[in-house]
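Count the sequence shown with the working numbering and you get residues 25 to 189, in order. Don't be surprised by glycine CBs; every beta carbon is placed ideally from N, CA and C.
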Amino acid sequence: SLSISNSLTALAERVVNIGTLGPLLGTMMGLGVGIDYSLFVVSRYRQNLAARMEPRAAAGRAIGTAGSAVLFAGSTVCLALCGLALIGIPYIGQLVAAPVARPGAPPDQRGVAPPSSRRRLRPPGGQRVEPTPGRQRAGVMCRGSQSARSGTRKSSTTRTIIRIT
């Protein structure tokens, strides 16, 4: 998707003046947003697998739930960048033209992440990697991950900083 949006940016540069940092900023944002959204969908897919769903149903549910959130978030990023362009600062308007093409790309990637994670990756020798003894399965939450998910547990560093201030 980045190659497609880079091509669209190159075509747009013939019509609209795009700053020299625009394509670089767009690539950085596209990679960051794309990786973040893909991890979101993959984590939902793994949760569904841990809930004993079939891989095909787990992928469909992950796309149905997390995919719609990804589409909304990607649209919000595009809208916010367009709002920056309306401020009236010419250089900001030039920079925004390239990144707007990239956040639209990760929603297209959301259908790619779960199917690619369906296959078990094998090492070069071809043997399957056995899980480490004592390690929990994906999606099974231990005490630390449950509290991190809910955001209610504060770390000792946070408590120390709060006490100092």
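What is the DSSP secondary structure of residue i, reduced to helix, strand or coil?
i    : result
V120 : helix
I42  : coil
When the Cα atoms are used, what is the spatial distance from residue i to residue j?
i    : j    : result
L110 : T33  : 19 Å
L73  : V66  : 10 Å
Y115 : G107 : 14 Å
P139 : S31  : Summary for P139: the model assigns pLDDT 44, below 50, so the residue's position carries little reliability; its value from the coordinates is reported in the next sentence. Computed Cα separation, rounded: 26 Å.
F64  : A36  : 31 Å
A90  : I113 : 35 Å
A104 : G88  : 24 Å
G56  : T100 : 15 Å
A75  : R38  : 51 Å
For the alpha helix (DSSP H) that contains residue i, what are its first and last residues?
i    : result
I28  : L26 to E37
A109 : P79 to A109
N72  : G46 to A74
Ordered along the chain, which non-local residues of its own chain (more than five positions away) have a Cβ less than 8 Å from that of residue i?
i   : result
M77 : R85
Report all residues from its chain with a CB closer than 7 Å to the CB of residue i; omit the five preceding and five following residues, and keep chain order.
i    : result
Q118 : N41, I42, G43 and G46
F96  : none
A81  : none
Let me see if you follow: with CB-CB separation under 8 Å, is residue i close to chain C or not?
i   : result
G50 : You won't find chain C in this structure, because it holds only one protein chain.
For residue i, collect the residues of the same chain with a Cβ closer than 6 Å to its Cβ; drop the 5 residues on either side in sequence, then sort them by chain order.
i   : result
S92 : none
Just to confirm, does residue i get its C-beta within under 7 Å of one of the non-hydrogen atoms of the ligand NAP?
i    : result
L108 : Ligands are entirely absent from the displayed structure, and the ligand NAP is therefore not among its contents.
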